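Chemist: Protein sequences, first through last, are from chains A and B. Under the working numbering, the residues of the first sequence are numbered 1 to 446, in order. Under the working numbering, the residues of the second sequence are numbered 1 to 446, in order. We put the beta carbon where it would ideally sit given N, CA and C, even for glycine. Small disclaimer: the values here were computed from a predicted structure and weren't measured.
Number of protein chains: 2
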Amino acid sequence: MAEPGIRHRVVIVGGGFAGLYAARKLGKDKALEVSLIDRRNYHLFQPLLYQVATGALSPGDIAQPLRAILRRHENTRVILGEAVGLDPIERKVTLSDGGTVEYDSLLVATGARHAYFGRDEWAALAPGLKTIEDATEIRRRILIAYEAAERESDQARRKEWMTFVVVGGGPTGVELAGALGEISRDTLRRDFRSIRPADARVLLVEALDRVLPTYPESLSRSARRQLERLGVTVRTGSRVTAIDDEGIAVSVKDDGVERTERIPTRTVLWAAGVQASSFGRKVADALGAEVDRAGRVPVGPDLTVPGHPEVMILGDLAVARRKNGSAVPGVAPAAIQEGTYAASAILRRVHGRPPEPFRYRDKGDVAVIGRLSGVADIRWMGRFGRTSGFLAWGMWLGVHIVYLIGFANRLVVVIRWAWSFLTHGRGTRLITGEPHLPPIKRPEHL
Amino acid sequence: MAEPGIRHRVVIVGGGFAGLYAARKLGKDKALEVSLIDRRNYHLFQPLLYQVATGALSPGDIAQPLRAILRRHENTRVILGEAVGLDPIERKVTLSDGGTVEYDSLLVATGARHAYFGRDEWAALAPGLKTIEDATEIRRRILIAYEAAERESDQARRKEWMTFVVVGGGPTGVELAGALGEISRDTLRRDFRSIRPADARVLLVEALDRVLPTYPESLSRSARRQLERLGVTVRTGSRVTAIDDEGIAVSVKDDGVERTERIPTRTVLWAAGVQASSFGRKVADALGAEVDRAGRVPVGPDLTVPGHPEVMILGDLAVARRKNGSAVPGVAPAAIQEGTYAASAILRRVHGRPPEPFRYRDKGDVAVIGRLSGVADIRWMGRFGRTSGFLAWGMWLGVHIVYLIGFANRLVVVIRWAWSFLTHGRGTRLITGEPHLPPIKRPEHL
Numbered sequence: 001m002a003e004p005g006i007r008h009r010v011v012i013v014g015g016g017f018a019g020l021y022a023a024r025k026l027g028k029d030k031a032l033e034v035s036l037i038d039r040r041n042y043h044l045f046q047p048l049l050y051q052v053a054t055g056a057l058s059p060g061d062i063a064q065p066l067r068a069i070l071r072r073h074e075n076t077r078v079i080l081g082e083a084v085g086l087d088p089i090e091r092k093v094t095l096s097d098g099g100t101v102e103y104d105s106l107l108v109a110t111g112a113r114h115a116y117f118g119r120d121e122w123a124a125l126a127p128g129l130k131t132i133e134d135a136t137e138i139r140r141r142i143l144i145a146y147e148a149a150e151r152e153s154d155q156a157r158r159k160e161w162m163t164f165v166v167v168g169g170g171p172t173g174v175e176l177a178g179a180l181g182e183i184s185r186d187t188l189r190r191d192f193r194s195i196r197p198a199d200a201r202v203l204l205v206e207a208l209d210r211v212l213p214t215y216p217e218s219l220s221r222s223a224r225r226q227l228e229r230l231g232v233t234v235r236t237g238s239r240v241t242a243i244d245d246e247g248i249a250v251s252v253k254d255d256g257v258e259r260t261e262r263i264p265t266r267t268v269l270w271a272a273g274v275q276a277s278s279f280g281r282k283v284a285d286a287l288g289a290e291v292d293r294a295g296r297v298p299v300g301p302d303l304t305v306p307g308h309p310e311v312m313i314l315g316d317l318a319v320a321r322r323k324n325g326s327a328v329p330g331v332a333p334a335a336i337q338e339g340t341y342a343a344s345a346i347l348r349r350v351h352g353r354p355p356e357p358f359r360y361r362d363k364g365d366v367a368v369i370g371r372l373s374g375v376a377d378i379r380w381m382g383r384f385g386r387t388s389g390f391l392a393w394g395m396w397l398g399v400h401i402v403y404l405i406g407f408a409n410r411l412v413v414v415i416r417w418a419w420s421f422l423t424h425g426r427g428t429r430l431i432t433g434e435p436h437l438p439p440i441k442r443p444e445h446l
Numbered sequence: 001m002a003e004p005g006i007r008h009r010v011v012i013v014g015g016g017f018a019g020l021y022a023a024r025k026l027g028k029d030k031a032l033e034v035s036l037i038d039r040r041n042y043h044l045f046q047p048l049l050y051q052v053a054t055g056a057l058s059p060g061d062i063a064q065p066l067r068a069i070l071r072r073h074e075n076t077r078v079i080l081g082e083a084v085g086l087d088p089i090e091r092k093v094t095l096s097d098g099g100t101v102e103y104d105s106l107l108v109a110t111g112a113r114h115a116y117f118g119r120d121e122w123a124a125l126a127p128g129l130k131t132i133e134d135a136t137e138i139r140r141r142i143l144i145a146y147e148a149a150e151r152e153s154d155q156a157r158r159k160e161w162m163t164f165v166v167v168g169g170g171p172t173g174v175e176l177a178g179a180l181g182e183i184s185r186d187t188l189r190r191d192f193r194s195i196r197p198a199d200a201r202v203l204l205v206e207a208l209d210r211v212l213p214t215y216p217e218s219l220s221r222s223a224r225r226q227l228e229r230l231g232v233t234v235r236t237g238s239r240v241t242a243i244d245d246e247g248i249a250v251s252v253k254d255d256g257v258e259r260t261e262r263i264p265t266r267t268v269l270w271a272a273g274v275q276a277s278s279f280g281r282k283v284a285d286a287l288g289a290e291v292d293r294a295g296r297v298p299v300g301p302d303l304t305v306p307g308h309p310e311v312m313i314l315g316d317l318a319v320a321r322r323k324n325g326s327a328v329p330g331v332a333p334a335a336i337q338e339g340t341y342a343a344s345a346i347l348r349r350v351h352g353r354p355p356e357p358f359r360y361r362d363k364g365d366v367a368v369i370g371r372l373s374g375v376a377d378i379r380w381m382g383r384f385g386r387t388s389g390f391l392a393w394g395m396w397l398g399v400h401i402v403y404l405i406g407f408a409n410r411l412v413v414v415i416r417w418a419w420s421f422l423t424h425g426r427g428t429r430l431i432t433g434e435p436h437l438p439p440i441k442r443p444e445h446l
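1) So what's B/I346 in DSSP terms, helix, strand or just coil?
2) Is B/L44 helix, strand or coil when you go by DSSP?
3) Using the Cα positions of A/A2 and A/D365, report the straight-line distance between them to the nearest angstrom.
4) Taking the straight line between their C-alpha atoms, what separation do you get for A/E152 and A/F407?
5) Below 7 Å on C-beta distance, what does B/S58 contact in chain A?
6) From the DSSP output, read off the bridge partner residues of B/E261.
7) Between the region 421 to 429 of chain A and the region 60 to 71 of chain B, do at least 3 Cβ pairs fall closer than 8 Å?
8) Do we get a CB-CB distance below 9 Å when we pair A/N324 with the residues of chain B?
9) Report buried or exposed for B/V402, applying the criterion of at least 16 other Cβ atoms within 10 angstroms of its Cβ.
10) At a Cβ threshold of 9 Å, is B/T432 touching chain A?
11) Give me, in chain order, the residues of the same chain whose beta-carbon lies closer than 7 Å to that of B/E228; leave out the 5 immediate sequence neighbours on both sides.
12) Would you call the CB atoms of A/L303 and A/A335 closer than 9 Å?
13) At a CB-CB cut-off below 8 Å, which residues of chain B make contact with A/Q64?
14) At a CB-CB cut-off below 8 Å, which residues of chain B make contact with A/Y215?
15) I'd like to know whether the C-beta of B/R67 is nearer than 9 Å to at least one C-beta of chain A.
16) Where does A/K92 sit, in a helix, a strand or coil, going by DSSP?
17) What does the alpha-carbon distance come out to for the pair B/E258 and B/S251?
18) Does B/Y42 come within less than 9 Å of chain A when only Cβ atoms are used?
19) Can you tell which of B/R190, B/G273, B/G14, B/M162 has its C-alpha closest to the C-alpha of B/T423?
20) Give the secondary structure of A/V291 by DSSP, where H, G and I count as helix, E and B as strand, and everything else as coil.
21) For a contact defined as C-beta to C-beta under 8 Å, what are the partners of B/G406 on chain A?
22) Using a Cβ-Cβ cut-off of less than 7 Å, give me the residues of the region 180 to 201 of chain B that come near chain A, in sequence order.
23) Using only alpha-carbon positions, find the residue among B/R185, B/W122, B/K30 that is nearest to B/I243.
24) Can a CB atom of chain B be found closer than 9 Å to the CB of A/W419?
25) Return the CA-CA distance between B/G385 and B/R210, expressed in angstroms with no decimal places.
26) Enumerated in chain order, which unbroken segments of the beta strand (DSSP E) with a length of 3 residues or greater are wholly contained in the region 33 to 79 of chain A?
27) Could you spell out the range, first to last residue, of the beta strand (DSSP E) harbouring B/I243?
28) Tell me which residues share the same chain as A/D97 and place their Cβ nearer than 7 Å to its Cβ, disregarding the 5 neighbours each side in the sequence.
29) Name the chain B residues that come within less than 8 Å of A/I415, Cβ to Cβ?
30) Decide yes or no for the touch test of the region 136 to 148 of chain A against the region 186 to 206 of chain A: beta carbon pairs closer than 8 Å, at least 3 of them.
31) How about B/I89: is its C-beta nearer than 9 Å to some C-beta of chain A?
32) Does the Cβ of B/S420 have 16 or more other Cβ atoms within 10 Å, making it buried, or fewer, making it exposed?
33) In its own chain, which residues sit with a C-beta less than 6 Å from the C-beta of B/A272, not counting the 5 before and 5 after it?
34) Alpha carbons only, please: which of A/G173, A/W380, A/A18 is nearest the one belonging to A/V268?
35) Show which residues of chain B have a CB atom less than 8 Å away from the CB atom of A/E206.
36) Quick check on B/E356: does DSSP put it in helix, strand or coil?
Right, here's the structure in full:
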């Protein structure tokens, strides 16, 4: 409760969808003093990160400086720093440089990373896709693989370079595999002289029995067909058991008998699993809160941690429940709604209005699979909301442009997409960072 | 001379302006077999690199994959590789992976880097601006400096963080310093809560007695005034004698007496000096060609190396002479003309037509200094071609958009510029790479 003349201090950790939408709503009230802490100086539009990884967009197109977004919110301070500790008694957050930030209300929205199921040594062999650096690294690996294949004279090795494996059949995996299929069939078609990019093999490996397991079965089947049309080989019911420099091993069940198959490849991309951010785990520890297997924190109907009404957990780090008991999914629209709700809840409390519980409005899911195709499940429309192909692709386009932050970014993304669409090109396929050409078996004479 | 049925092999090393324009022209003739070797997979529009370094454009906006540009040239092969040696007897270029490429005609266009005048230890302290990685590193340093100042409570240290020194008063230095002035006065105006970005000091240090020394004196004076209007302190006649972590020392001549002054700063950017690329030096060695102090190779009127009619040196690596004896300047338009000429010369030779000497058409110089201002010297118009302010800025804009490669890039750049112009913003000021927050003297409590 705010005493007169003393401003209520809100600290938000994490400038993703949940944290940013909370900050945007809180930044308008003079009764508050808001601090947004992030390790990065920008908000990243993660749903389009796979397009950076596949050369369709530039990092700057899908990121916007937090200070720029919040510059007009004079009650708000952006702190570039890494939150590393929480003292729930003194109510302060510790930063990695030893600084502290005190709060009256704390919003923790530091998200989640992909998980390697305890096989952390796979991280270097099969990069995941959560940061801009991840995306440019994946882009580098994909492009270097084609370059190496072009230079390679040994047929077996060339085939290894031209095999791409994506692990995980969720939306990120499906979108990555679709883009890889399109790159090989379409984008790079005329770019090489010794190889035919269309000969590339793209495999999507999923442990469950279908891709997009959160979608209705009919759409999973449709997604699979659309992937196969782009030349992607979909391997469901396949669990990864080993990854090394030269390939991947998967365990497949055939009529109840498990057998292991080795796929020689130089490029494995990881789009599976989820684990709480490290600050999220520290918060749970400090508050004595329970966590699920992935380290995420179950929260009450008002998104607070049980026993700590001053701490709310938002976005991918939280396990929020709907009235019917099902979990709110870890998707961008849910994070946006949670962030907006958290800001309202704080404003209600500060201004002495009674609290209301969080209500998730499920707007449905949509995933794109290459040119003019995709799947959409708009749940409030029931069976009629399930579409695939062109209509789903159009919806996806619209939704992503509307939610992209920054007007210039929106225009730039529309132009790049329109241009890619017309020319079948992907303009930002740059190999940046020091170019490490792989050790290839080279011909003596080119 | 091409024997019937045997194709003339042209090898181009370097995909900058000279190499790329040569390749574009050669790629249309079936009598040739063209190979373009570059360490990078993209052509970089270097004149706009300072805009990436200052957050106005994204790397993807000013780079275009070489394979994409040359995809329709079926006689042309792009080789991603680093040329490290030349055998002029066997006529072959060696790559770092041991591969070799044979040639009948060789075009060497590997350019030049900035030079630290023998003080190579300064490279880590004062990064130059030649590659995308340089630009994102400079961007990181500029943005981190403001972030550190915002967190710093010690006044003297805060001032060090808010002092930016640019070494070198040529076009790159002037454009960088102008952009830094604009960032402090305009772009970041409302972004911070503890510092006023407009308090930042931007110094431009030049050893000669004026900035833009290749321009007429009146334009140098105008450029200086325009810089000062943006808050930049211009220090001509000042030679850098030392750089370390915490500052820079310059030697200044006052009435013939030399004195040394120390400027405490955490951010020094290097825009001075020029030295030939390392492959350029190897070529000169292998051919027994003389070089100038910077390692550049003097060439004949047909741009070939004396005694080696089959080897041409193009762009910043070459010292070409005009009829009047003056050197062709190391600028993009000269490189473009040399590349185009080299291609014509080879086509003439292959088709048995007599050679013609290279003629440089000086179109003049133009540099931009922040919003709506700049200087231009359109030499064929004589005194009437010397303008500054809005008109020069407009010319600069037009020329850079026309020469930028890739239609999508052109549109994207126009949108980003228009948007920055309207909002006084710079949308791509992202701190990428692992965020190393500097060790700052932090307040106990924020």
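Modeler: Well, looking at it:
1) helix
2) strand
3) Per-residue confidence for A/A2 stands at a pLDDT of 43, beneath the threshold of 50, marking its modelled position as unreliable; the derived number appears in the next sentence. Computed Cα separation, rounded: 40 Å.
4) 44 Å
5) S58, P59, G60, D61
6) B/V250
7) yes
8) no
9) exposed
10) yes
11) V234
12) no
13) G427
14) Going along chain B, no residue has its Cβ under 8 Å from A/Y215, so there is no contact; the nearest lies around 32 Å.
15) yes
16) strand
17) 6 Å
18) yes
19) B/R190
20) coil
21) G427
22) R190, D191, R193
23) B/W122
24) yes
25) 20 Å
26) 42 to 44, 63 to 65
27) 238 to 244
28) G81
29) A408, L411, V412, I415
30) yes
31) no
32) buried
33) V167, G168
34) A/G173
35) In chain order: nothing, as chain B lies at least about 31 Å away.
36) coil
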